[in-house]
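For the sequence shown, full-length UniProt numbering begins at 1 and goes up steadily by one. Every residue gets a Cβ at the ideal spot worked out from N, C-alpha and C, and that includes glycine. Below is one structure; the comments refer to it alone.
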Amino acid sequence: MSDDTPHPSSRSGPTAHGHGHHHPHAQGESHGHGNAGHSHAHTHGHAHNHDQWSGEEYLKRPGVQETAVISHDSVVHALTGAGLSLDQLKHLDLLEVGCGAGAVTAHLVRTFGTVHSIDTSLSMLQTFSTHLPSDPHNLTWALHGITPASPAAFASGEPMLSPSATSPEGEHRKVSPPRAQFDVAIANLVVHHVDDLPSFFTGLLGLVKTGGWIVITEFGLEEGAEDPRLSVPLKEGKKDEHGSVNSAGHFHPAFTVASITELFTKYGLVDVHAEIRGRLPVFEDKDKYPLNLIARGRKP
1 MSDDTPHPSS RSGPTAHGHG HHHPHAQGES HGHGNAGHSH AHTHGHAHNH DQWSGEEYLK
61 RPGVQETAVI SHDSVVHALT GAGLSLDQLK HLDLLEVGCG AGAVTAHLVR TFGTVHSIDT
121 SLSMLQTFST HLPSDPHNLT WALHGITPAS PAAFASGEPM LSPSATSPEG EHRKVSPPRA
181 QFDVAIANLV VHHVDDLPSF FTGLLGLVKT GGWIVITEFG LEEGAEDPRL SVPLKEGKKD
241 EHGSVNSAGH FHPAFTVASI TELFTKYGLV DVHAEIRGRL PVFEDKDKYP LNLIARGRKP
């Protein structure tokens, strides 16, 4: 992933990025995706033909695997905090928005009944296909960014591209969405890339069953504190014309417990809860590790 923000994960959403994803970026690097909302159309936020990510290079970045473990544990923490048992999780169908190269996915497939992972980066998904537990029976993935049209696309059963590193050059296998709606949808370090939040949440809510949960992890910010990521390079943004939402004028500050709670409530979620839980090892300097913010909400 590449954008001008250091984070551990991200991707998939309308104009958002989605990679979920976990994409810890090194300082000064760009996280091109969001898989949730950048240009690629997380519409997720970028166009698929302007893939700025390298899945193999991404997985080599420091902090990626450590952040993946924290992100998985954060999702489990959020759902068990809502009253679900670990045994119940094993029977739930999960949608992972912004899966990236699969660092978090490798943990999710052992926790949930089924996992369907989406991202907007071809390179990320090709790497994803080679770095997972051998042939997990409960996993599917597709090249897709969340938009208001996503629920209809999933309900139609129309096959979507499902990139694999073993596919012949220029040919990509396709898979039909495994279901129209899911018990749980998660987005790890994705929402800060989403320019069009109404479109993203409309699409995401339409993919969750009534009574189902949305869990989001983000870089956290204490009330009244300054965002540690607002360095000069980040303020200026990337100069790439196909850049992510971190391009000039599209940088999103970190969320506070109050602001993300307000966001969830604004889009109709109930039983909303948010908290700060530890830090994310996305910088080499431990003193600059951002706070780990976790939020959950239920679709009424």
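Per DSSP, what kind of secondary structure is Gly-203 in: helix, strand or coil?
One-based indexing of the sequence shown puts residue 203 at position 203. Shown here, Gly-203 sits in a helix according to DSSP, grouped into three states.
Leaving out the 5 sequence neighbours to the left and right, which residues in its chain are closer than 7 Å to Leu-161 when beta-carbon positions are compared?
Locating residue 161 in the sequence shown gives position 161, counting from the first residue. Same-chain partners within the cutoff: Ala-142, Leu-143, His-172, Lys-174.
The region 106–123 contacting the region 196–215, beta-carbon criterion three pairs below 8 Å
Between the region 106–123 and the region 196–215, the count of C-beta pairs closer than 8 Å stays below three; the two stretches do not touch.
With a 10 Å radius around its C-beta and 16 neighbouring C-beta atoms as the bar for buried, classify Val-208 as buried or exposed.
Numbered from 1 along the sequence shown, position 208 holds the residue referred to as residue 208. Flag for Val-208 reads buried.
The region 288–296 / the region 268–277 touching (three or more Cβ pairs under 8 Å):
yes
Any chance the region 174–187 sits against the region 147–159, with 3 or more Cβ pairs inside 8 Å?
yes
Boundaries of the alpha helix (DSSP H) in which Thr-67 is found, first to last residue
Taking the sequence shown and counting its residues from 1, the one referred to as residue 67 is at position 67. Thr-67 -> alpha helix (DSSP H) spans 64–81.
Does the distance from the C-beta atom of Leu-86 to that of Val-75 stay below 9 Å?
Locating residue 86 in the sequence shown gives position 86, counting from the first residue. Locating residue 75 in the sequence shown gives position 75, counting from the first residue. Contact flag unset, no.
Per DSSP, what kind of secondary structure is Lys-90 in: helix, strand or coil?
For this step, residue 90 is matched to residue 90 along the sequence shown. The DSSP-derived three-state label of Lys-90 is coil.
Just to confirm the assignment, what range does the alpha helix (DSSP H) spanning Ile-260 have?
As a position in the sequence shown, residue 260 is number 260, starting the count at 1. Residues 257–266.
How is Thr-147 classed by DSSP in three states: helix, strand or coil?
Against the sequence shown, residue 147 aligns to sequence position 147. Coil.
If you run the structure through DSSP and keep just helix, strand and coil, what is Ala-165?
Within the sequence shown, residue 165 is the residue found at index 165, counting from 1. If DSSP states are grouped into helix, strand and coil, Ala-165 belongs with coil.
How would you label Ala-78, buried or exposed, when you count the other beta carbons within 10 angstroms and need 16 or more for buried?
Working through the sequence shown from its first residue, we reach residue 78 at position 78. Flag for Ala-78 reads buried.
Use the C-beta contact count for Pro-198: other C-beta atoms within 10 angstroms, 16 or more gives buried, fewer gives exposed.
As a first step, residue 198 is located in the sequence shown; it is residue number 198 there, counting from the start. Exposed, since its Cβ has fewer than 16 Cβ neighbours within 10 Å.
With 16 other Cβ atoms within 10 Å as the buried cut-off, status of Lys-299
For the purposes of this step, residue 299 is taken as residue 299 along the sequence shown, with counting starting at 1. Lys-299 comes out buried.
For a test of the three-state rule: what should DSSP assign to Ser-85, helix, strand or coil?
Translated into the one-based positions of the sequence shown, residue 85 becomes position 85. The answer is coil: DSSP assigns Ser-85 none of H, G, I, E or B.
Return the first residue and the last residue of the alpha helix (DSSP H) that Phe-128 is part of.
As a position in the sequence shown, residue 128 is number 128, starting the count at 1. Per DSSP, Phe-128 belongs to the alpha helix (DSSP H) from 122–128.
Mind checking whether the beta-carbon of His-193 lies closer than 8 Å to any heavy atom of the ligand PLP?
Ligands in the displayed structure: none, and consequently the ligand PLP is not present.
Rounded to whole angstroms, what's the CA-CA distance from Val-69 to Gly-100? Just pull it up for me.
Looking up residue 69 in the sequence shown gives position 69. Looking up residue 100 in the sequence shown gives position 100. About 14 Å.
Measuring CB to CB, does Asn-138 end up less than 9 Å from Val-97?
Residue mapping note: residue 138 aligns to position 138 of the sequence shown, counting from 1. Residue mapping note: residue 97 aligns to position 97 of the sequence shown, counting from 1. No, these two residues do not count as a Cβ contact at 9 Å.
Three-way DSSP call (helix, strand, coil) for Asp-155 in this model:
Within the sequence shown, the letter at position 155 stands for residue 155. Here the sequence assigns Ala to residue 155, which means Asp is not the residue at that position. Here Ala-155 sits in helix by DSSP.
Output needed for Ser-129: all residues of its chain with C-beta closer than 6 Å, excluding positions within five of it in sequence on either side, in chain order.
The sequence position of residue 129 within the sequence shown is 129, counting from 1. Excluding positions up to five away in sequence, the list reads Ser-164, Ala-165.
Residue range of the alpha helix (DSSP H) that Ala-106 falls in?
Here residue 106 refers to the residue found at position 106 of the sequence shown. Taken as a continuous stretch (DSSP letters only), the alpha helix (DSSP H) holding Ala-106 covers 105–108.
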